[in-house]
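Numbering (mature numbering (1 follows the signal peptide of the UniProt record, and there is no 0)), first residue to last: -25 to -1, 1 to 806.
First up is the structure itself, then whatever we jot down about it.
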């Protein structure tokens, strides 16, 4: 059976045969989750809504998964031919029963422009599916010639391939190159238009899709001409006056008969230490005729040498795939190995005592410097950035919601007037991600995680020079000072600056305009570095000031959760700075104590500062616990903090899965009753965690949210090791090792290490400020595998612009450093 399927797949590499056999394609069937399914093809119908914050994330509407890859998305009525991220998006309504067999109907609307309609999707005989759009009323006159039905196709699936618009051929360009409208709008013209049929990549049976329109002509656009994150768009305008069947498409993806997805053998790409467990997971298409055994091969000067063969053990089903495990823990001899399964051999990996010695290094000495704000960063011949944002910052106005989710209410909690320059904020801090903002809670997390890593596991690596006075940073130029201390100080500079200016922490600092926010490249060119002066004429520069309103906004609302997060970070930093920078240490501790005291009885604000689902409300009690513990450790058990932590036991009990790490760090300063209660909570947590982890084969929490979960896995790995340190008879080290395995390659969808440049194969196309170059930042950890609802795990290897899979963030990466160091300690226990 397996050989027959392989032979068919190989034979179908020829276009002629695949075209012939596709005539007998199976008809799609409606699944219990209301997707359309056949082997090799899934059609997701409006299960993923557009984002309420970022609007078009390229994960909404009708989506096509063809031969295991999501090649099309955002099948919906749109008001632009090439919508940008913040262009208007529809609101989904109810799912309705259809009139035709297998038909799925979803009502949608654009309430602001008085447009409501239904999208109907149904399978068609012989493969493919029909899309029809019924309008409740004909288009308003102002939408005629603007509203149409769009379906976006993944550029990297079609680069260098051809298309047929009717019988006219064309080439999908690798680089956007027009044509563009000549009216200055920035809108692209179609690459091709006018026919009622289009075939994408007729030469490639894996990605070929034909769309036929009943009446409305088709057009093909390259939306990357409008924005680098655009896709190829197939579109039909909705005719004026039309209602029922205003647009009708017949979409026929080519499905190779008998196609099955090849197995994915996932493992830790950094390898394994000799004495630790070594279990690879094999992700299997349920229709694949899976072999019962796998072979470990050693790579020698003579080539591959089989050294170990064992049965693969079933690990159940997770989402849409079956899983099996290949356990080669008994192999301990150092060397370079690979796994052979189903006729394929994986990339190599080491078994070595020092396999993990430097897995944290690129994160500390490259990624973090690249994210440093207000300093120039150079790495030998490469200039990562000139000193950015030296014009920070201006007071954000009241009563606004920013396009990145920041919110400002009527009260500014600031002595500054809207638009006024705020002196003193142009120091330190980390640009959170590819959009260059300073998110204060994330900066606080960076500081605390680096302090914890140094205290618990040591982190004295020196590879980077930091000169704060000259605002210059050089990577690969040691200066005799541990990099972690310099990064802690850089974070503290910004946190203390906020405290000095406002007397409290703020939400963050971010670009005022969308044009700046979408900036790619050198952060130093995002603003002019000159303070805005309204009195200057156009393009006048005078005395370090200019007429450009490009200075970033400071969102200054005071929130108890933020203050407490900063209090904890400053308390921790005061310990790290005690010998390195005694003056900063004392200043940080004083600020930490003041912020802590002011917020012990604070209520949750009605707004949460960023539109992120109630951060302040969810984490206020946790922040109280964490800040109290940090102050307790710093003051070596001051009764003020030990007594308060005892009072906070209900908060620890209510959220032990998050509070447990901080809670066990307090054990040396608390009494026997506290220890006994924490141990009982750890036992309860183990039972709960074991039950939750049994739901997937990876042994870690796998996110089902709108953002993939590598940061959650890192937090899990570090927290479970702290519990293991405190209660080794209750919690074992395996949870932490599972977390490391997941982050470095043993996860769904593929086997790439989620930390760029760590491991044999890693994520080398990421969402950083260099994403337009399809490049990466060494040491940054991407979010990883997202679950496209209802159940498709995805991590694109070659498309950088899906931030929910690919966006580096500073706090996630320092969480990885802490978890990696914890995993190294776990392996050393068994050596």
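Every residue gets a Cβ at the ideal spot worked out from N, C-alpha and C, and that includes glycine.
So what's residue i in DSSP terms, helix, strand or just coil?
| i | result |
| --- | --- |
| residue 418 | helix |
| residue 302 | strand |
| residue 631 | helix |
| residue 224 | strand |
| residue 471 | helix |
| residue 639 | helix |
| residue 600 | helix |
| residue 231 | coil |
| residue 721 | coil |
| residue 273 | strand |
| residue 792 | helix |
| residue 294 | coil |
| residue 520 | strand |
| residue 514 | coil |
| residue 81 | strand |
| residue 307 | coil |
| residue 668 | helix |
| residue 756 | strand |
| residue -18 | Reliability of the predicted coordinates at residue -18 is poor, the pLDDT of 36 falling under 50, and no value is obtained from them. |
Check the DSSP bridge columns for residue i and list the partner residues they point to.
| i | result |
| --- | --- |
| residue 396 | 369 |
| residue 528 | 369, 485 |
| residue 197 | 207 |
| residue 382 | 376 |
| residue 426 | Note: residue 426 sits in no beta bridge, so no partner. |
| residue 389 | The partner list for residue 389 (beta bridge, DSSP) is empty, contrary to what the question assumes. |
| residue 174 | 139, 185 |
| residue 29 | According to DSSP, residue 29 bridges with nothing at all. |
| residue 133 | The partner list for residue 133 (beta bridge, DSSP) is empty, contrary to what the question assumes. |
| residue 278 | 275 |
| residue 241 | 256 |
Between residue i and the rest of its own chain, which residues show a CB-CB distance below 6 Å, the 5 nearest in sequence each way excluded?
| i | result |
| --- | --- |
| residue 216 | 113 |
| residue 181 | 42 |
| residue 487 | 528 |
| residue 690 | 790 |
| residue 626 | 596, 600 |
| residue 441 | 448, 461 |
If we count the other Cβ atoms within 10 Å of its Cβ and call it buried at 16 or more, is residue i buried or exposed?
| i | result |
| --- | --- |
| residue 138 | buried |
| residue 154 | exposed |
| residue 356 | exposed |
| residue 554 | exposed |
| residue 489 | exposed |
| residue 387 | buried |
| residue 280 | exposed |
| residue 762 | buried |
| residue 329 | exposed |
| residue 535 | buried |
Quick one: residues in its chain with C-beta nearer than 7 Å to the C-beta of residue i, no 5 flanking neighbours on either side, listed in chain order?
| i | result |
| --- | --- |
| residue 678 | 684, 687 |
| residue 446 | 349, 350, 351, 362 |
| residue 725 | 239, 770, 772 |
| residue 466 | 403, 404, 405, 418, 421, 422 |
| residue 847 | With the chain represented from -25 up to 806, any question about residue 847 goes unanswered, as that position is not in the structure. |
| residue 497 | 360, 361 |
| residue 455 | 437 |
What do you reckon, is the C-beta of residue i under 7 Å from a heavy atom of the ligand MG?
| i | result |
| --- | --- |
| residue 176 | Of ligands this structure carries none, so the ligand MG is not represented either. |
Contact criterion: CB-CB distance below 8 Å. Does residue i meet it with respect to chain D?
| i | result |
| --- | --- |
| residue 6 | Structure shown: chain D not included; a single protein chain is present. |
**Prompt:** Should the segment 504 to 515 be called in touch with the segment 419 to 439, which here means at least 3 C-beta pairs below 8 Å?
**Reply:** Segments in contact, no.
Tell me whether the segment 278 to 292 and the segment 205 to 224 touch, counting them as touching only if at least three CB pairs, one residue from each stretch, are closer than 8 Å. Touching, no, given that fewer than three Cβ pairs across the two stretches are closer than 8 Å.
- With a cut-off of 8 Å, do at least 3 Cβ pairs link the segment 543 to 558 to the segment 415 to 427? Touching, per the Cβ criterion.
- Query: Given 8 Å as the limit, is there contact between the segment 775 to 789 and the segment 359 to 368, that is, 3 or more CB pairs closer than that?
  - Reply: No: the two stretches stay apart, fewer than three of their Cβ pairs being nearer than 8 Å.
Check whether the segment 291 to 305 touches the segment 332 to 350, counting contact only when three or more Cβ pairs, one atom from each stretch, lie closer than 8 Å.
Touching, no.
Item to complete: Give a yes or no on contact between the segment 140 to 149 and the segment 160 to 171, applying the rule of three or more CB pairs nearer than 8 Å.
Response: With a cut-off of 8 Å, the segment 160 to 171 and the segment 140 to 149 count as touching, because enough Cβ pairs lie within range.
| message | Pairs of beta-carbons, one from the segment 472 to 482 and one from the segment 344 to 355, closer than 8 Å: are there three or more? | response | Output reads no: the segment 344 to 355 does not touch the segment 472 to 482.
Using a Cβ distance threshold of 8 Å, determine whether the segment 16 to 31 contacts the segment 733 to 746, with at least three qualifying pairs required. In this structure the segment 16 to 31 does not lie against the segment 733 to 746, because fewer than three pairs of beta carbons, one per stretch, are closer than 8 Å.
Contact between the segment 453 to 470 and the segment 383 to 398 (3+ Cβ pairs under 8 Å) | Not touching, per the Cβ criterion.
Note to self: Measuring CB atoms only, is the segment 103 to 122 touching the segment 82 to 95, in the sense that at least three cross pairs come out at less than 8 Å?
What the structure shows: Yes: at least three Cβ pairs fall under 8 Å.
| task | Could you tell me whether the segment 311 to 322 touches the segment 368 to 387, using the rule of 3 or more Cβ pairs below 8 Å? | result | These segments do not touch.
When the Cβ atoms of the segment 46 to 56 are set against those of the segment 113 to 131, are three or more pairs found closer than 8 Å?
Output reads yes: the segment 113 to 131 touches the segment 46 to 56.
*the segment 239 to 259 touching the segment 297 to 311, judged by at least three CB pairs closer than 8 Å*: Because the criterion of three Cβ pairs below 8 Å is met, the segment 239 to 259 and the segment 297 to 311 touch.
When you compare the segment 634 to 650 with the segment 598 to 612, are there three or more beta-carbon pairs, one atom per stretch, that lie closer than 8 Å? Between the segment 634 to 650 and the segment 598 to 612, the count of Cβ pairs shorter than 8 Å is three or higher; the stretches touch.
Within 8 Å, do at least three Cβ pairs link the segment 691 to 709 to the segment 228 to 236? Proximity of the segment 228 to 236 to the segment 691 to 709 falls short of the contact definition, fewer than three beta-carbon pairs being nearer than 8 Å.
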